[in-house]
Ligand SMILES: Nc1ncnc2c1ncn2[C@@H]1O[C@H](COP(=O)(O)OP(=O)(O)OP(=O)(O)O)[C@@H](O)[C@H]1O
Ligand SMILES: Nc1ncnc2c1ncn2[C@@H]1O[C@H](COP(=O)(O)OP(=O)(O)OP(=O)(O)O)[C@@H](O)[C@H]1O
Ligand SMILES: [Mg+2]
Ligand SMILES: [Mg+2]
């Protein structure tokens, strides 16, 4: 009796499942509703792109708002977007952008040069009426990328001139090598001034841009719903009628949901699951180009890590390939430079620190530590894309170094004190990483290793005047080849000094159902879904 | 009744003050500077100072606490560091989600627990009793999160009986009205939606409800056994009533009083357990909210989330206390 | 010859506990006639309650079980009756009230509700009719303000009133027998007098037979026609009230009566039965009382005495009354009385 | 007078005990304390014995952990990642190639220690506060009871999270948090026990003899509160382990590479499809240990304190 | 001729009733309301009354186990209500109490030896061997044996436990014993053993008892004088024979007539009281008995009758005798 019942239940369930599918099919057949569900691990912080640095936010604003320029689908090469052309003066102090005409925001207002100006002023001027600084809005990415804010000496933009409705000129105080890259960043996407007026400080929950999708609703920690913008400036796009960004914090749960067809795309696949997904019928595996690296940093000012031999020894003692294979299931490459390989100026000639315990021991002996030594390793308490499992990495490092005769004491700190204390140099060794945003080497090399940044983002306390000089020169040059060469030289110097163990560049993996077509993951983690289709 | 309610409400005051003291301490006793957390790796000293000032972090603790309580009384739960949104404004959907989940979990726990307890007591020492109590024991010994993972693995992935995550079919999300999705889907007069919403509730409710179910079953059983031994049950039997009347009219009502206490207390366990269950089932409730906040070290949210849950718990226990009056006429206030 | 309506025949009710089998009722035989008040007396733990609960088939089961014997109620052996039949009998033909009026009513239901339940279980009546009947019953047992009491809860009533409610409930279906298990023990003397008065009245007016269980010989003297004395799970003596109180035959009864402090006699040293009341135990050989009996002799420790019939339908479980031992009896009696 | 004396000596309590066939009085009756009685009953309770066996098993597992397998618990062996249970790795390996059996065994140490110290801490402070509140009453009772109320107003795991949020996440702090959340449970139990005992006649009798408060507390009230405290300790032992696991799972308790079971589950969480054994072993271990304590606790309650049953 | 050992004067004990929004005092239970009597050395004073009339409260207040609300208690000419805690503690060796419930009054976790030797230790008998000897002696006095000393209370029957309780009370040779219903929990056959024992002890050690009971025949049997209490008040107090042969107070009369006697030959005129005992939280005005009294007069409703000595050694609180 019992068995019969349960099988009945089974068929009933199947029946209703079929019904669901039929409904979906029906809507697909009719060519009407194409709804894509994109699942990710955490919710967005804010849908006002300028005021957040959060990747989960950019992912969505990328669909709703557009910047003057955009990156190529798979690389950081800049391409026209809202600006269909631009002109750079020879001295690199003036950039003129020619705007797309006849573009409207989702609220029906018109996109023009004034709108661009308003947005930039809003970010640069804390007293601007739409700056909302009283409501806690901070445009930190603007400050970082453009050297500060209005009134700061370091602020790079001197003036923004509206030439006419569709022509706008940025006048700089000094040249900035990656100005165009900046203009392509999702953080500097243009919001409708009318919407700024209308929503005020609530703009972060009501994004209004010119992008392929309109914002519909946001239920926190659950779903953000976007729908097709019928008047999108490119005909025929977007293909989808609706996009839902759903939050599923747990990686394993997300994969289960993907398998059962509840969602279409999932970000943040466990590298270990990738192989299975690749083989699985009905699922597709995607990889994102690497745009980050994780490292074990040395406090180069603190004994014994102030000795370059010790630093090199540690570099030799760590088995990067094993970490990459093990922790990232091969979806990572060992890093030899503090810059992802796809970047311009990546120096492939820098010699690797091959995994060699004996050599490490020799170097240690050279430094006077033939009997081994004891070092602290600070472990970050939170997972980051470049370091999905810091604890395990720490234990592996600990084990590796033990082989070379170095006893590692793992130190744990809360995230805030971790960041604070590593800035003041309390640590010996520490773990951290860096992710690219605008595809420019400067964002990696200067931030992490320029002597000026000691006390802010340079936590290795590495200061090398030569390196600093090279980086400074590259920053102001507008000749991309020259810049690449300068960065390449800098990398060679850095490698000799070994201020950090560059561990791996991780290649994030994603999975989709086979129905998803034309999906191209971008290294910045924010890709446009305008061309994506469901079969 | 009124006097008692008033007295209970007055007695809440010190408890509430104590609760706010504890939640207040969360932000103010954490190691490190909250401003640093907000601004992250790329923080500048100036930005941090601005933020500290705007958060009032440089006032003495007593003043800060006073301001905190004053804000709370005005319904201001602070601002999320992460989303910059006012917590009071964005918290309702989370509360509703948790309420809905806890409600169904409790429903499951009570329904199964009470009935299993009754049958076990009725058929004391039978194989049913033995198995039910063994399961109940295993149930109370089970880590919630582990149960949730196993359930998801078996029933969502392997058997595909129920959806693994979420509250509704997000392909076609509905316009929330009350944010209680079952109610909302009924209000939308959409029957299939009611079914899918309920299906989404099954796994998390069971995961969350298992421990309370086991405890309620055990409590019901022992309470029933106790009551069945009592003089008044003997009287009822001596009147010539059948088992049904004895058990469901007299014994159950009497046995329910201690069970009710357990239900009140278990609601707290449920609310606490929600943190674990919700993250696993991607249930956008207050548990997820707090858990995410823990990951991001979003202290105002941790603070307010905990305070709100504790507040709800206190209120539920108050309601349970007041409910005694309706069940038990002997309680005179 | 009066009509016997209830007759117990060699009833054995045992409890099967962790500490072994307990023969709480160990071969009890007794009878109740129509309209008669029979008292059952005996000290704590001698099996009075278990006997009465056995009649109603209300012993907690497990651990209790009627092992053997007959319970003949108007020719029907209740020991073999189905559950369904017992439901019809309970509260309808045989009613029972208990010692603890404070805990014998369900605290969560009104008096009216509980009375109605008793009435409607055995009578097809509407709620209204049942309520009227309940009101009549409360009036009959002399409850002041009966109307209000119907809608009150047990905790609002005093012990005496609750016991009246219990009696009303028991009498509501006009039973043939009312079994009252120590109905007044928990009450004060002045209240006890009220309740005994009421029971006497009901017995006379309704001709309901009453089986009154008590350990108070005063209560027995007050209202009983006949008395059964129990000791350690057995009936040791049976006779009319006057006979038992004035002329007890069994050494235990004799001792019991002598050990009572008497209000109307001048002070004197109390007699006391040595030792304590034994807990029933399996496999005991000989007379249960032999331990404490001043007249015990060899045989008492070796053989189980029977209930020997005496004149006037009296019976006594003592070898002194085994016909062979008649003479000894006379002497012994003389001994004790001196 | 003479007659009376005679009668008195005829009292069989002294006299014919040799012949007695009744259990109530006998020179041979061995004095046995309520404890012995309870222990006997406990031994007869098959569930409790099963629980006892489970706990002893895990204690031995913890003690002999180093001898049990050839692997250290934190030995990262990337070559043998996520190996399914086999003759080499009985319970398989985790994502860092560590032998799960080894980790479970060392984890038993952690879990049992956490349970032990958390319960001991809660017990000591809870009992102290409970006794003070219950025996001295008045404002001090008010104060302590309100503190208990406040602590109990939080769902326990949430309170633990709050405490850990304040003092920082680590195994020690998780332990402290768990001890704190359990204090009011013991405190209330002891307080109510003391209050009800205070009204007991034998306490009144002790006072009537002129006994001082302190002595009454130590000689009468505490020993009679021990039974429910023992029962509660056993049950709390189980919940403390569950709570520690929950905190570990949330990343607020033990940190890797410490093989705390909850933390192991958290680490293994992503491998449910790929390597279910990484989840099953710690989960089952937690369940068994907690079950063991619950079984013993139930048994103890039935044996020591039947009235507390609920 | 006789010297009073205990004088109770205007003893009152009110228990607060708390309630309302703030848990404030909203009323009082007048458990004992102005009770006075004297006990002579070597005498047994019986106190009877229905349940809840304040007998136990009176007994415990005399020993200050409950602090009396008002009134004086003089023990051997010393007003004990004014003693400090420590003095009171010292005095306790002379005044002891035996409780009703033989199960609840012995600590279940202590052996009989410990139970009985505790009062010895408290009052200065520090030598272990001597204590042991004394325990054996005491056990024998109350009709138990030395070998019982190592047992636990649950290994005894009710009567035996009561003996242990008595032994404990006797440990320090007290002068006064308050017996709070020491036999009402016992079976008839055991009750007589204990009553006999208590009488013997009185004679042997020249004890004075205040013997509380609700069973009139027991009180009559053991007491020299008897006080009758009703609702916290003493309504009649006299020698026992006077009380039984010639009760004055209507309540006493009713009480006596309500006792069922185990003698079918005695035909007595019954006087059955109506209604229940009122609550001590809300006692009737005037004479507390007027609500049930068949002879109640107008004055009874308003004026509380004085407790007067209407005849030699016969105190009554009733307007009929004023
Ligand atoms: N549920 C039970 N389990 C085990 N033994 C029981 C149970 N109920 C009664 N007994 C035993 O049966 C014997 C008779 O008990 P019963 O209640 O009939 O005595 P009683 O004469 O009514 O005494 P009392 O005057 O105290 O009411 C007792 O010795 C008791 O130990
Ligand atoms: N601690 C207390 N708090 C409040 N009321 C009390 C307290 N102790 C006793 N009372 C009340 O005082 C009254 C007298 O109680 P007491 O115990 O003295 O009566 P009693 O005559 O000894 O009764 P019994 O015969 O039942 O032992 C009762 O109404 C009782 O409810
Ligand atoms: Mg009985
Ligand atoms: Mg009393």
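Residue numbers (the numbering used here), protein chains in the order written: chain L, 3 to 537; chain U, 87 to 419; chain Z, 32 to 369; chain G, 404 to 713; chain P, 5 to 326.
Using N, Cα and C, we set each Cβ at its ideal position, and we do this for glycine too.
Asked                                                                                                                                                                             : Found
Let me see if you follow: with CB-CB separation under 8 Å, is residue 559/G close to chain U or not?                                                                              : yes
Quick one: what's got a C-beta closer than 6 Å to residue 678/G's C-beta in the same chain, skipping five residues either side?                                                   : 485
Compile a chain-ordered list of the residues in the region 520-549 of chain G whose CB is closer than 8 Å to at least one CB of chain A.                                          : Reference to chain A is not applicable here, since the protein chains of this structure are L, U, Z, G and P.
So if I threshold CB-CB distances at 7 Å, which residues from the region 214-232 of chain L count as touching chain U?                                                            : 221, 222, 223, 224, 225 and 227
Is residue 702/G close to chain U? Criterion is C-beta to C-beta, closer than 8 Å.                                                                                                : no
Give a yes or no on whether 8 Å exceeds the smallest Cβ distance from residue 248/L to chain U.                                                                                   : yes
State whether the region 183-190 of chain U contacts the region 363-382 of chain U, with contact taken as three or more CB pairs (one from each stretch) at a distance under 8 Å. : yes
Are the CB atoms of residue 503/L and residue 317/L nearer to each other than 8 Å?                                                                                                : yes
Would you call residue 106/U buried or exposed, if buried means 16 or more other Cβ atoms sit within 10 Å of its Cβ?                                                              : buried
At a cut-off of 7 Å, is residue 104/P close to ligand 4 when judged by its beta-carbon and the heavy atoms of the ligand?                                                         : yes
By Cβ distance below 8 Å, which residues in the same chain neighbour residue 369/Z in space, the five residues on each side in sequence not counted?                              : Residue placement at residue 369/Z is flagged as unreliable, the pLDDT there being 41, under the threshold of 50; the coordinate-derived value follows with that caveat. No residues qualify anywhere along the chain.
Could you check whether the Cβ of residue 47/L sits closer than 8 Å to any Cβ belonging to chain U?                                                                               : yes
Note down, in chain order, every chain U residue with its Cβ under 9 Å from the Cβ of residue 540/L.                                                                              : Outside the displayed range of chain L (3 to 537) lies residue 540/L, so it cannot be described from this structure.
Should residue 82/P be listed as close to ligand 2, given that the test is whether its C-beta is under 7 Å from any heavy atom?                                                   : no
Quick check on the contact list: which residues have their beta carbon closer than 7 Å to a heavy atom of ligand 3?                                                               : 79/Z, 80/Z, 130/Z, 212/Z, 213/Z and 244/Z
With distances taken Cα to Cα, identify the nearest neighbour of residue 402/U among 342/U, 357/U, 380/U and 262/U.                                                               : 357/U
Would you mind working out which of 295/U, 311/U and 279/U sits nearest residue 360/U, comparing C-alpha positions?                                                               : 295/U
Determine, using beta carbons only, whether residue 584/G and residue 562/G come nearer to each other than 8 Å.                                                                   : yes
Along the beta strand (DSSP E) that carries residue 542/L, what are the first and last residues, could you check?                                                                 : With chain L represented from 3 up to 537, any question about residue 542/L goes unanswered, as that position is not in the structure.
Secondary structure at residue 183/P, three-state DSSP: helix, strand or coil?                                                                                                    : strand
Residue 449/L to residue 150/L, Cα distance in whole Å?                                                                                                                           : 14 Å
Less than 8 Å between CB atoms is the rule here; does residue 118/Z satisfy it with respect to chain U?                                                                           : yes
Start and end of the alpha helix (DSSP H) containing residue 216/Z?                                                                                                               : Counting along the chain, residue 216/Z falls outside any alpha helix (DSSP H), and DSSP gives it neither H nor E.
At which residues does the alpha helix (DSSP H) containing residue 401/L begin and terminate?                                                                                     : 392-405
Closer than 7 Å by beta-carbon distance: list the chain U residues that pair up with residue 44/L, in chain order.                                                                : 378
For residue 65/L and residue 647/G, I'd like the C-alpha separation in whole angstroms.                                                                                           : 43 Å
What does the alpha-carbon distance come out to for the pair residue 40/P and residue 89/P?                                                                                       : 24 Å
Quick one: grab the DSSP three-state call for residue 668/G.                                                                                                                      : helix
Whose CA, out of 40/Z, 198/Z, 216/Z and 91/Z, lies closest to the CA of residue 234/Z?                                                                                            : 198/Z
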